[in-house]
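Here's the structure we're looking at; comments come further down.
Residue numbers (the UniProt record's numbering): 1 to 179.
Here it is, written out as structure tokens:
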């Protein structure tokens, strides 16, 4: 069974309320999600991926009290997973670009990503309009560079530059160097 946001959130809340069977079911459902998350991002061996999955499951279990029941569960889960991945890279003194900002914020296949969508909208509003439009078109809506350029009436190189500059500005903000 592929669990969706509603089912995972229900299992998490039930587990928080003391239902050990639902908590165990939740952890079992998280294994394939986390494997996929790490395979797409970690570029490591299967052993590394399994280690990351286990570390994340332990973190979900030990930090479950930090989950806000009114928020999207998968956003919380993948934030925990992202931190575990970063810790893993630091331990191994490995530099690895973390691409797919929108995939981290909006989990593919989950219908209820309204909170994450609002966060992305807020972030994009801080950018110049063209940069925000091009990031939204190419990185969130999935348009090709050529399609985004044609829809906006600009050149493909202008799309690439706008996306690059916009993402660079956002990353600088996340790393504490931006406004």
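Ideal Cβ positions, reconstructed from N, Cα and C, are used throughout, including at glycine.
Find out if the Cβ-Cβ distance for the pair residue i, residue j is shorter than 7 Å.
| i | j | result |
| --- | --- | --- |
| residue 127 | residue 166 | yes |
| residue 22 | residue 11 | yes |
| residue 73 | residue 170 | no |
| residue 34 | residue 81 | yes |
| residue 159 | residue 149 | yes |
| residue 52 | residue 88 | yes |
| residue 156 | residue 140 | no |
Per DSSP, what kind of secondary structure is residue i in: helix, strand or coil?
| i | result |
| --- | --- |
| residue 83 | helix |
| residue 6 | helix |
| residue 54 | helix |
| residue 71 | coil |
| residue 14 | helix |
Does the CB of residue i have a neighbour CB from chain D at under 7 Å?
| i | result |
| --- | --- |
| residue 122 | The question asks about chain D, but that chain is absent: this structure has only one protein chain. |
Identify the continuous alpha helix (DSSP H) that holds residue i and give its terminal residues.
| i | result |
| --- | --- |
| residue 38 | 20-42 |
| residue 150 | 145-152 |
| residue 126 | First-last for residue 126: undefined, no H or E at that position. |
| residue 141 | From DSSP, residue 141 is part of no alpha helix (DSSP H); its letter is neither H nor E. |
| residue 158 | 156-174 |
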